[in-house]
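Below is one structure; the comments refer to it alone.
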Amino acid sequence: MADVRGYVVIFGTLLALTLVTVGVANLSLPMGPTVALGLTIATAKATLVVMFFMHLKGERPMVLWPLALTAFLFVALFVFLLLSEADHVVLTTYHGAAEAAHYVSYGA
Numbered sequence: 038m039a040d041v042r043g044y045v046v047i048f049g050t051l052l053a054l055t056l057v058t059v060g061v062a063n064l065s066l067p068m069g070p071t072v073a074l075g076l077t078i079a080t081a082k083a084t085l086v087v088m089f090f091m092h093l094k095g096e097r098p099m100v101l102w103p104l105a106l107t108a109f110l111f112v113a114l115f116v117f118l119l120l121s122e123a124d125h126v127v128l129t130t131y132h133g134a135a136e137a138a139h140y141v142s143y144g145a
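Numbering (our numbering), first residue to last: 38 to 145.
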């Protein structure tokens, strides 16, 4: 019965965090803080799911380190992909379409 009570508490916490996420999205904050708060809440919710519903809370570090390394490499991959697109976005946004088209067609 204690397990069921724990799952109900985690469910309530996840539900409350979801409502907080919706509330933050409806606030009239600038985009940066809104996204930062949303990602922080999403990380907290993901941590709860991983630790309790996937039963990783009591696992040995030998199991957790490869999972953490995989998550880190996954995030690093997406960061590098986004950084590789940054030049294209900056050129098309700030330097005009003609300059960007010339840069993309003929290189630097």
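A virtual CB, placed ideally from N, CA and C, is assigned to each residue, including glycine.
Source: prediction; values computed, not measured.
Through-space distance from residue j to residue i, alpha-carbon basis
| i | j | result |
| --- | --- | --- |
| Pro103 | Leu114 | 16 Å |
| Gly43 | His92 | 12 Å |
| Thr84 | Pro70 | 21 Å |
| Met68 | Ala62 | 9 Å |
| Ala105 | Val57 | 27 Å |
| Gly60 | Ser121 | 34 Å |
| Phe109 | Val116 | 11 Å |
| Asp40 | Glu96 | 17 Å |
| Val72 | Val112 | 17 Å |
Residue of the options minimising C-alpha distance to residue i
| i | options | result |
| --- | --- | --- |
| Ala53 | Ala81, Met99, Ala73 and Leu66 | Ala81 |
| Ile47 | Val86, Leu110 and Ile78 | Val86 |
| Thr55 | Phe90, Ile78 and Leu119 | Ile78 |
| Val45 | Phe89, Gly75, Thr107 and Met99 | Phe89 |
For residue i, three-class secondary structure by DSSP
| i | result |
| --- | --- |
| Glu96 | coil |
| Ser121 | helix |
| Met91 | coil |
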